[in-house]
Structure formats: structure tokens, C-alpha cells
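In my numbering, the protein residues as written are 12 to 280.
See structure below.
Encoded structure:
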């Protein structure tokens with residue numbers, strides 16, 4: 012099992028957890044798979060792979076949002092710091108703990124399955140912090156479409172994209188695989204057949220149709236194929252293709268053009 016380095020005991024959501032970290036010498040891993048896959052992250056579907064696989068989102072927060080709101084309203088009616096207020100607060104903490112556990116369980120199972128099946132995974136270098144910035148603005152310069160943007164921000168954060176990438180990277184390192192992060196610019200708009208990039212290519216969330224050549228495809232799978240092509244370009248241009256580190260290519264675009272409905276509402280305003 013290796014040499015024990017440290018033991019951490021923590022209390023979370025009324026339950027005790029013990030984490031044991033050990034150190035041991037292992038041989039350099041060699042990934043059993045030989046495939047490379049591109050992956051497009053989204054809100055309507057958690058991820059689409061260039062192989063055609065669609066992964067549905069867990070919606071851990073969305074499924075418990077009403078329950079959480081009821082518990083928060085109940086706490087607001089209690090006298091602050093009273094025994095009943097403390098009980099209501101503990102209930103809210105338990106709900107948040109269940110949400111976090113459900114999200115991490117989904118992310119671990121998904122990242123493990125992808126890591127086991129593919130030696131190289133190409134992902135978008137998404138800047139989640141920029142994508143989920145508030146649109147409220149200031150008193151003098153109020154934001155537009157604030158309610159729709161706040162809902163989109165909540166959905167983005169509910170997906171756990173940053174944690175998913177972290178898990179995928181270390182699991183690929185364990186197995187001797189690799190994660191390549193590419194610039195997400197125009198991955199949802201570009202036609203893989205003729206190279207034409209236009210927002211009109213993706214008029215709906217689910218369907219892609221090139222206005223230049225007429226090529227049609229599932230919109231998310233089409234984007235995943237564009238991500239895969241960008242990963243091939245990185246490897247062909249002599250990028251660092253060692254098994255362990257992931258590759259960050261350029262500066263990611265702050266916004267991903269998805270979902271289409273939200274961007275259409277914002278443009279209308």
C-alpha cells in the first residue's frame with residue numbers, strides 16, 4: 012500500500028471523513044488504449060464526444076433547488092442564532108453536502124470512463140470564471156438580460172467543468188494518457204467540411220447546418236470534431252506530447268457560444 016505520509020480527519024455535513032495519503036514507487040504507466048477523442052462541454056448536454064457519444068448532465072443543484080429554497084426561506088423566518096435557526100442552518104448545510112456529493116460522484120464516474128477508453132483527450136480551455144461573471148453591472152451602467160445570464164451562470168457552475176478537467180488530467184497521468192487543452196474559439200460555429208465559421212451555422216441548440224456548403228450534423232458532436240481537429244493540429248505542429256502534462260494552447264475565449272437560446276435573448280436586448 013505504500014508509506015503513509017499523512018492522515019486527514021474532517022467533519023462535513025454531519026459526517027466524519029478520513030483521508031489517508033501514501034507514497035509508493037511505481038513504473039511509468041502506459042495507457043492501454045490508443046484512441047484520441049475530442050470533447051465539447053455544454054449545459055444542455057454535459058459533454059459530447061467526437062465519437063458521437065452524448066453525456067447527459069447530472070444537474071445536481073437543479074434537482075434540489077426547490078428543496079434548498081424552501082429550507083432557506085424556513086431559516087429566514089427563525090430568530091437568528093436561536094436553536095431553531097441553528098437546526099434550519101444545519102439542514103441547509105446537509106442539502107449543500109448532498110448536492111456536492113452527487114456532483115462529484117457524477118464527475119468521477121464520467122472522467123474515469125473517458126480516461127479508461129481514450130489515451131488522448133482533447134478539451135476546450137474554458138475560462139469558467141470569465142464565463143460565469145455577473146451581468147448585473149453597476150448603478151450607472153446596469154447590465155442587460157440579468158435574469159437570463161444569472162440562470163446561465165448557475166447552470167455553468169452546476170456542471171463542475173473545472174473539477175471535471177482536474178479529475179481527467181490526474182487520471183490520465185495515472186494511466187499514462189494525455190489531456191490537450193485547445194482554444195475554444197469558433198468550435199461551435201465552424202464547419203468541418205469547408206472551414207466556414209459563422210454564428211448562423213448554428214441556429215438551434217441541437218442542429219448544425221453550414222450556410223456555405225450545407226453540411227449538417229449534431230451541433231455538439233460537430234463542435235467535438237472541431238476540438239479534435241485542433242488537438243491534431245497541436246500535435247502535428249510539434250507541441251509537447253509527453254504523457255503526463257496537459258497542453259494549454261493560446262488564450263481561451265472568455266465566452267463559449269452556448270446555449271444558443273441565451274445568446275439570442277441577449278442579442279435581442
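Just so it is clear, CB atoms sit at the ideal spot from N, CA and C, and this is done for glycine as well.
Here the structure is a predicted model, which means the values were calculated and not measured.
Take residue 131, set aside five residues on each side of it, and the residues of its chain with a beta-carbon closer than 6 Å to its own are 47, 189, in chain order. From the listed residues 128, 113, 139, the smallest Cα separation to residue 186 is found for 128. Under DSSP, residue 188 forms no beta bridge with any residue.
The same chain holds no residue with a CB closer than 7 Å to that of residue 111 once the five nearest residues on each side in sequence are set aside. In the DSSP assignment, residue 49 falls within the unbroken beta strand (DSSP E) covering 47–52. According to DSSP, residue 30 shares a beta bridge with 19.
Annotation for residue 168: 143 place their beta carbon closer than 7 Å to its own, counting only its chain and skipping 5 residues before and after. Scanning 234, 61, 236, 209 for the CA closest to the CA of residue 223 turns up 209.
For the pair residue 133 and residue 50, the CB atoms are nearer than the 8 Å cut-off. Shown here, residue 218 sits in a strand according to DSSP, grouped into three states. Inclusion of residue 229 and residue 217 in the CB contact set at 8 Å is warranted, their separation being smaller than that value.
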